[in-house]
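*Asks:* First, the structure itself, so that you have it in front of you.
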């Protein structure tokens, strides 16, 4: 099978990338999805708050997905469902498998990676104790409740204050479960403010910062967890242990990009975002392979995911149609003071540079985001690690850069 | 009358302004922290009748999945969230359903309709001939 642009994954990033590649002139666009429907994780995110920026509408996840799917259905983008990509080579040969074709090959002029991310599970955070039933990641519980119609338990403790965890706190409360509390190891919340207000405060669910689960008890089924306060080094403080009876523990302890295919293709990964390093065009270190959405770096908002999808799709179409010239080598984009996450990692002088920044710590006083060597200082009233900051640097301001671009957050 | 202080986190947009309000005899005498007019509107709404969109699921028969996601088509009073959930207890649909199809009109007297938030086709099952 041959294609101009092949998009792997049909969540918000992949749907947007496929549409954008089609609209940008790619003739044969192929969209591969391992599940039996398009839409990715949006299908189980039944809450609202999607597309406020992109569509100026307050959609639920399924509505947002269906809007994009309807757009895709009007085009000749070829959609292959139940299709799992099992290998990608550096010269863009894709090996996939599905029930109709068995194992088959796709040669594509360009490829867009849009596989999204995975949830960190108990193994990644190493909680001691027994191994009973009743411990789920928040996203798995979300699937059980919203798609399959099963309530995972009746007395719930949530570890981690990521957005999905807080959204599940509300969801399970509405379905009649008792959510006893959300425990967060950091001294600031992991998710968006609107979720703290609408998912926790609205239902009087307590959020305990600087706390973690230090023991799991129960033989067959979870009987309870021990929570402890942690010190500034995130070490449990002896004597602060408290037992909380519960039958279910949900983990909302972070997401990591899905990297199996990227690694196989020899794509350079960023130690900071944990996903493929890309330029502002979303091109990875492997020519003609682009990456977007949560496979690149975990975003807070679907609008940001879609924005990177649109950029990746447009540039993948340019690459496929031969409209791709690199006149000069790209430069590095380096995170400086107070910057924990910075995306993208390189600038290749082809487009405006749209930076996504996470601060290293919460700063609740006026600050400036300094982009050097440009004399660009963007003033902000605060910066919080749980709220990505987006900064656009116009292309014409960047044309004289020769070495690298550094981003610092300076407290004023 | 004493001045009563209240704190709100505006959830109109992702910025999430932290708003401090001072009330005297139930009237707002000062408001700090709003970055736009919507923040002020949010606070007066929260002080009067806080409104929320409700999203939940109902069982669906004859579809690929067990549950159909639904929502109120407009915000409803926060105090009625559980009443609406209760009224939805026995509601069930049969596929096919189209996105935005009305499932229940004027749920719990809120004036809001419960609508489907996705389409679901009828699943074709194998049949003996």
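Protein chains in written order, with the numbering used here: chain A, 34 to 445; chain B, 4 to 132.
Even for Gly, the Cβ is constructed at its ideal location relative to N, Cα and C.
Predicted model only: the values in this text are computed from it and were never measured.
Since residue 401 of chain A is in the alpha helix (DSSP H), which residue starts that stretch and which ends it?
*Replies:* No alpha helix (DSSP H) holds residue 401 of chain A; the beta strand (DSSP E) holding it covers 400-405.
*Asks:* In angstroms with no decimal places, state the Cα-to-Cα distance between residue 70 of chain A and residue 82 of chain B.
*Replies:* Taking the straight line joining both Cα atoms gives about 36 Å.
*Asks:* Report the residues of the stretch 57-80 of chain A with a CB closer than 7 Å to any CB of chain B, ordered along the chain.
*Replies:* Correct list: 79, 80.
*Asks:* Do we get a CB-CB distance below 7 Å when we pair residue 44 of chain A with the residues of chain B?
*Replies:* False, the Cβ-Cβ gap to chain B never drops below 7 Å.
*Asks:* Could you work out which residue in A:80, A:434, A:341 is closest to residue 176 of chain A when comparing CA atoms only?
*Replies:* When each option's Cα is compared against that of residue 176 of chain A, the closest is A:80.
*Asks:* Report the neighbours of residue 95 of chain A on chain B: residues whose CB is nearer than 7 Å to its CB, in chain order.
*Replies:* Within chain B, the residues near residue 95 of chain A are 72, 120, 121.
*Asks:* If we cut at 7 Å on Cβ distances, does residue 58 of chain B have a partner in chain A?
*Replies:* Taking Cβ atoms only, chain A reaches closer than 7 Å to residue 58 of chain B, which makes this a yes.
*Asks:* Measuring only the C-alpha atoms, how far is residue 389 of chain A from residue 11 of chain B?
*Replies:* Residue 389 of chain A and residue 11 of chain B: Cα-Cα distance of roughly 28 Å.
*Asks:* Residue 99 of chain A versus chain B: which residues are under 9 Å apart at the beta carbon?
*Replies:* In chain order: 102, 120, 121, 122.
*Asks:* Report yes or no: is there a C-beta of chain A within less than 7 Å of the C-beta of residue 61 of chain B?
*Replies:* No, no contact with chain A.
*Asks:* Here's the rule: buried if 16 or more other CB atoms are within 10 angstroms of the residue's CB, otherwise exposed. What is residue 385 of chain A?
*Replies:* With fewer than 16 Cβ atoms within 10 Å of its Cβ, residue 385 of chain A is classed as exposed.
*Asks:* So for residue 337 of chain A, helix, strand or coil by DSSP?
*Replies:* In this structure, residue 337 of chain A counts as helix in the three-state DSSP scheme.
*Asks:* Which residues of chain A have a Cβ atom closer than 9 Å to the Cβ of residue 111 of chain B, listed in chain order?
*Replies:* Residues of chain A passing the Cβ test: none, with the nearest at roughly 14 Å.
*Asks:* Of all the CB atoms in chain B, is at least one closer than 7 Å to the CB of residue 180 of chain A?
*Replies:* Interface residue, yes.
*Asks:* State the Cα-Cα distance for the pair residue 167 of chain A and residue 249 of chain A, rounded to the nearest angstrom.
*Replies:* One C-alpha to the other measures close to 11 Å.
*Asks:* CB-CB under 6 Å to residue 170 of chain A, same chain, minus the five flanking residues each way: which ones, in chain order?
*Replies:* Taken in chain order, the residues that qualify are 152, 154, 284.
*Asks:* Does residue 215 of chain A come out as helix, strand or coil in the three-state DSSP assignment?
*Replies:* Of the three classes helix, strand and coil, the one that applies to residue 215 of chain A here is strand, per DSSP.
*Asks:* Taking the beta strand (DSSP E) that residue 452 of chain A belongs to, which residues open and close that run?
*Replies:* There is no way to answer for residue 452 of chain A, as the model of chain A reaches only from 34 to 445.
*Asks:* Rounded to a whole number of angstroms, what is the C-alpha to C-alpha distance between residue 23 of chain B and residue 244 of chain A?
*Replies:* Their Cα atoms are separated by approximately 28 Å.
*Asks:* Taking only the alpha-carbon atoms, compute the straight-line gap between residue 128 of chain A and residue 119 of chain A and give it to the nearest angstrom.
*Replies:* If I take the Cα positions, the gap works out to 6 Å.
*Asks:* For residue 165 of chain A versus residue 251 of chain A, is the C-beta distance shorter than 7 Å?
*Replies:* In contact: residue 165 of chain A and residue 251 of chain A (Cβ atoms closer than 7 Å).
*Asks:* For my contact list, residue 325 of chain A and residue 51 of chain A are in at a C-beta cut-off of 8 Å; report their separation, rounded to the angstrom.
*Replies:* With 8 Å as the limit, residue 325 of chain A and residue 51 of chain A do not qualify as a contact, their Cβ atoms being about 11 Å apart.
*Asks:* Is residue 415 of chain A helix, strand or coil by DSSP?
*Replies:* The answer is coil: DSSP assigns residue 415 of chain A none of H, G, I, E or B.
*Asks:* Find the residues of chain B that neighbour residue 386 of chain A, judging by a C-beta separation of less than 9 Å, and give them in chain order.
*Replies:* In chain order: nothing, as chain B lies at least about 22 Å away.
*Asks:* DSSP three-state call for residue 110 of chain B: helix, strand or coil?
*Replies:* DSSP places residue 110 of chain B in helix when its eight states are reduced to three.
*Asks:* Report the three-state DSSP secondary structure of residue 263 of chain A (helix, strand or coil).
*Replies:* Residue state, collapsed to three classes: strand.
*Asks:* Identify which residue in A:247, A:402, A:68 has its Cα closest to the Cα of residue 159 of chain A.
*Replies:* When only C-alpha atoms are compared, the closest one is A:247.
*Asks:* Using DSSP with H/G/I as helix, E/B as strand and the rest coil, what is residue 72 of chain B?
*Replies:* Strand, per DSSP.
*Asks:* Which of the three DSSP states, helix, strand or coil, is assigned to residue 232 of chain A?
*Replies:* Correct three-state label for residue 232 of chain A: helix.
*Asks:* Helix, strand or coil: how does DSSP classify residue 441 of chain A here?
*Replies:* Residue state, collapsed to three classes: strand.
*Asks:* Whole angstroms is fine: what's the gap from residue 19 of chain A's alpha carbon to residue 148 of chain A's?
*Replies:* The structure shown does not extend to residue 19 of chain A, since chain A is modelled only from 34 through 445, so no value can be given for it.
*Asks:* Which chain A residues are close to residue 81 of chain B, counting only those with a beta carbon under 7 Å from its beta carbon?
*Replies:* Within chain A, the residues near residue 81 of chain B are 235.
*Asks:* Is there a C-beta anywhere in chain B that falls below 7 Å from the one on residue 230 of chain A?
*Replies:* Yes, residue 230 of chain A counts as interfacial toward chain B.
*Asks:* Would residue 88 of chain B pass as an interface residue toward chain A - the criterion being a Cβ-Cβ separation below 7 Å?
*Replies:* Yes - at least one Cβ of chain A is within 7 Å of the one on residue 88 of chain B.
*Asks:* Is residue 36 of chain A helix, strand or coil when you go by DSSP?
*Replies:* The answer is strand: DSSP assigns residue 36 of chain A an E or B state.
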